[in-house]
Amino acid sequence: MHQQQPFDSSLEKPQFPGASAEFVDHLEFIQPNVISGIAVYRVMDRQGNIINPSEDPQLSKETVLNFYQKMTLLNTMDRILYESQRQGRISFYMTNYGEEGTHIGSAAALESNDLVFGQYREAGVLMYRGFPLDLFMAQCYANADDLGKGRQMPVHYGCKERNFVTISSPLATQIPQATGAAYALKRENTNRAVICYFGEGAASEGDAHAGFNFSATLECPLIFFCRNNGYAISTPTNEQYRGDGIAARGPGYGMLSIRVDGNDVFAVYNATKEARRRAVAENQPFLIEAMTYRLVMTC
Amino acid sequence: MATSLRCFLRSGKQAVLVVARRGIHRSPPAALQVTVRDALNQAMDEELERDERVFLLGEEVAQYDGAYKVSRGLWKKYGDKRIIDTPISEMGFAGIAVGAAMAGLRPICEFMTFNFSMQAIDQVINSAAKTYYMSAGLQPVPIVFRGPNGASAGVAAQHSQCFAAWYAHCPGLKVVSPWNSEDARGLLKSAIRDDNPVVFLENELLYGVPFEMSEESQSKDFTVPIGKAKIERPGTHITLVSHSRYVGHCLDAAAVLAKEGIDCEVINLRTIRPLDVECIESSVMKTNHLVTVEGGWPQFGVGAEICARIMEGSAFNYLDSPVTRVTGVDIPMPYAKILEEHSLPQVKDIIFSVKKTLNV
């Protein structure tokens, strides 16, 4: 499927196994395009009006109200748990302020048995799948009701029943793991997809490179979902990378890629839905870079 | 006097503010209370000033003043060329640091915790540690890898491992584990001046702890030699050997035991590799009993190595009972506070082991 088509060797075309291209006879370096990079897909304008009616996912009022309720619930839970941490009642917490749209929009576009690998800022995905508030709290407080029996730091949620792989602290280790899992699911022929969330900072880790590269060569039904919120602890994106964000890396690995407005829940929904459909139907990975903003001081 | 005043002012607005708030009459003391964090900060500051080949790189070390504020103020003072914020790739920046060291600079490579050094461990071992030998002495790698090591508080399995045994296992590395501020300052300066790769294991819980520092230890050229342990408390009945935070626990245990007439000698290893076996042996030949205390796991650990070395040397014949090791529990560190407390050596565990060893 991805091999060069054979052609007459007398033609003046390059015949290298490593790349398929034409010859060019003037010296010119390809410019990384960071000034006008990959465009940001959105469905709504800043006032919330649908711009292009053909892009309207036409979800039921119930569904959209559920989106809103979940986003607000997540925000409220965050406030309570963040304050708990400031009061010393739990040792650690990470809020999701500003990125609720990325969680809910993508979670809604998946099937409930699709496997989720998160980084640590995807609680909304688990919430959307019905993880009860009691269990969120139990995990953070490490009490006797915690499914993880007090072994894990707060926000390191996991739920086998809801196909949410337990959060692991070291950054980007979930990326090659997601690739491996997607490969396993492909072999099982179950029409399940894997989604792998990570931040733009974690994408600097070596594991990210390996995960992206292998997902393409192994032809995996996998969606890479990058939350680009502008910061990694205090490191801004212009110190994290010099290229056109994460979306521009996708084509380098042979992946179909898109950049979306992460705060636009319908854009996130549409992109994830289509990526999921094709990832499973065509056994290839997709890269979605959701642009957003971290509304909290650190991490 | 002048030196200590300069150090007093430099050691932070913190100290001045506290004093001002309390309205205490300020006369510069000869000895000074300095936190481990400030001691490390001063050491780096002085070495950056002394040798322009020295530079610091790591995640959040520059503009954020360091994830644990150990490099506070250094970026403001030395700028982008000497204090470098890296993208998130331990393997990447450790490799970059090793390359820089090979090319003639003297990097300080900070890991946010040594747990994350596992992402970079190939660079530390296969490139930094082994190169001097592999090149038959032609290519030194004068690098310091530093960062917090071992258990903190409520950070669970992936943030709490002690790497003393792992790194000390490898020829080509020096491995250092300071306890108090004097250790921190003197050993970091020695590590930076050392032409070998040095793994510098700090402890997050000790960063904010103030220790008294003598006037001598505040001088710009004060260094603590790598490879020499220190007897923190001389004693006659039993030897306690430890490193990092647990030296404090041993001293606390010794204070309690002293009331019961048991006189403990407490040794602060300071360096894990090369191990100061002579110091331990001389002590055991005097006290005839030995207990090792560490936060790391028991198997193949620092205590295990000490036991083996004592057995192999002359001190073995002076032992009146087998050596006891007090270590962390052999499990990945759990998060819940009560589980964590029971997973690490407590002062009562040291007291129990001393009494068991002495058969009292």
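Chains as they are written, first to last, in the working numbering: chain A, 1 to 299; chain B, 1 to 360. Every residue, glycine too, gets a C-beta built ideally from N, C-alpha and C.
Would DSSP call residue i helix, strand or coil?
i	result
Ser283 of chain B	helix
Lys230 of chain B	strand
Pro53 of chain A	helix
Ile167 of chain A	coil
Leu17 of chain B	Its pLDDT being 41, under 50, Leu17 of chain B is placed unreliably by the model, and the measurement read from it follows with that caveat. Helix at Leu17 of chain B.
Met44 of chain A	strand
Ser190 of chain B	helix
Met255 of chain A	coil
Gly23 of chain B	In this predicted model, Gly23 of chain B has a pLDDT of only 46, less than 50, meaning its place in the structure is not dependable; the value taken from the coordinates is given anyway. Of the three classes helix, strand and coil, the one that applies to Gly23 of chain B here is coil, per DSSP.
Cys264 of chain B	strand
Ser204 of chain A	helix
Leu16 of chain A	According to the sequence displayed, residue 16 of chain A carries Phe and not Leu. Note: Phe16 of chain A maps to coil in three-state DSSP.
Ser60 of chain A	coil
Leu222 of chain A	strand
Ile96 of chain B	helix
Glu52 of chain B	coil
Phe200 of chain B	strand
Ser36 of chain A	coil
Phe286 of chain A	strand
Ile88 of chain B	coil
Leu57 of chain B	strand
Gln5 of chain A	coil
Ile83 of chain B	strand
Val347 of chain B	helix
Met71 of chain A	helix
Glu99 of chain A	coil
Phe336 of chain A	Because chain A is modelled from 1 through 299, residue 336 of chain A falls outside the range shown and cannot be assessed.
Asp252 of chain B	helix
Ser217 of chain B	helix
Gly245 of chain A	coil
Leu185 of chain A	helix
Glu278 of chain B	helix
Ser71 of chain B	coil
Run through the DSSP bridge pairs and tell me what residue i is partnered with.
i	result
Gly199 of chain A	A:Arg227
Gln33 of chain B	B:Glu212
Met291 of chain A	A:Asn228 and A:Asp261
Thr235 of chain A	A:Ala232
Leu240 of chain B	B:Val266 and B:Val291
Arg273 of chain B	B:Val175
Val194 of chain A	A:Leu115 and A:Leu222
Below 7 angstroms on C-beta distance, what does residue i contact in chain D?
i	result
Ser234 of chain A	Structure shown: chain D not included; protein chains present are A and B.
Rounded to whole angstroms, how far is the Cβ of residue i from the Cβ of residue j, which I believe are closer than 8 angstroms?
i	j	result
Ala109 of chain A	Thr272 of chain A	4 angstroms
Glu260 of chain B	Leu240 of chain B	With 8 angstroms as the limit, Glu260 of chain B and Leu240 of chain B do not qualify as a contact, their Cβ atoms being about 15 angstroms apart.
Phe164 of chain A	Val116 of chain A	5 angstroms
Ala129 of chain B	Leu57 of chain B	In fact, because the Cβ distance is near 19 angstroms, the residues do not count as touching under 8 angstroms.
Thr292 of chain A	Asn228 of chain A	7 angstroms
Gly363 of chain B	Phe114 of chain B	In the structure as shown, chain B begins at 1 and stops at 360. Residue 363 of chain B is therefore absent and cannot be evaluated.
Pro298 of chain B	Val34 of chain B	Wrong, their Cβ atoms sit about 34 angstroms apart, outside the cutoff.
Tyr197 of chain A	Gln119 of chain A	6 angstroms
Gly250 of chain A	Leu287 of chain A	4 angstroms
Thr102 of chain A	Val268 of chain A	6 angstroms
Arg233 of chain B	Ala254 of chain B	6 angstroms
Pro57 of chain A	Phe224 of chain A	Not confirmed; about 22 angstroms, so no contact.
Pro14 of chain A	Phe7 of chain A	That pair is no contact at about 11 angstroms.
Val70 of chain B	Val144 of chain B	Not confirmed; about 13 angstroms, so no contact.
Ile370 of chain B	Glu281 of chain B	This structure does not reach residue 370 of chain B, given that chain B is present from 1 up to 360, and the question cannot be answered.
Tyr93 of chain A	Pro132 of chain A	18 angstroms between Cβ atoms; not a contact.
Glu59 of chain B	Thr86 of chain B	6 angstroms
Thr287 of chain B	Ser321 of chain B	About 11 angstroms separates the two Cβ atoms, so there is no contact after all.
Ile104 of chain A	Lys70 of chain A	5 angstroms
> Which ranges does the beta strand (DSSP E) cover as unbroken runs of at least 3 residues, wholly within the region 102 to 181 of chain B, from first to last along the chain?
Replying inline: 106 to 110, 144 to 148 and 174 to 176
> Taking contact to mean at least 3 C-beta pairs separated by less than 8 angstroms, is the region 37 to 44 of chain B in contact with the region 176 to 186 of chain B?
Replying inline: yes
> How do the region 216 to 235 of chain B and the region 145 to 165 of chain B stand: do at least 3 beta-carbon pairs fall below 8 angstroms, yes or no?
Replying inline: no
> For the region 298 to 345 of chain B, which segments carrying the beta strand (DSSP E) assignment without a break, of at least 3 residues, lie completely within its bounds, in sequence order?
Replying inline: 324 to 326
> Enumerated in chain order, which unbroken segments of the alpha helix (DSSP H) with a length of 4 residues or greater are wholly contained in the region 111 to 160 of chain A?
Replying inline: 123 to 128 and 133 to 141
>> Contact between the region 227 to 245 of chain B and the region 285 to 304 of chain B is defined here as three or more beta-carbon pairs at a separation below 8 angstroms; is this criterion met?
In response: yes
>> Counting beta carbon pairs with one atom in the region 190 to 208 of chain A and one in the region 155 to 172 of chain A, are three or more of them shorter than 8 angstroms?
In response: yes
> Taking one C-beta from the region 181 to 197 of chain A and one from the region 61 to 74 of chain B each time, how about it: are there three or more such pairs within less than 8 angstroms?
Replying inline: no
>> Under 8 angstroms, with one C-beta from each stretch per pair, do the region 121 to 129 of chain A and the region 129 to 143 of chain B reach the 3-pair mark?
In response: no
> Is it true that the region 48 to 64 of chain A meets the region 81 to 92 of chain A, where meeting means three or more beta-carbon pairs spaced less than 8 angstroms apart?
Replying inline: no
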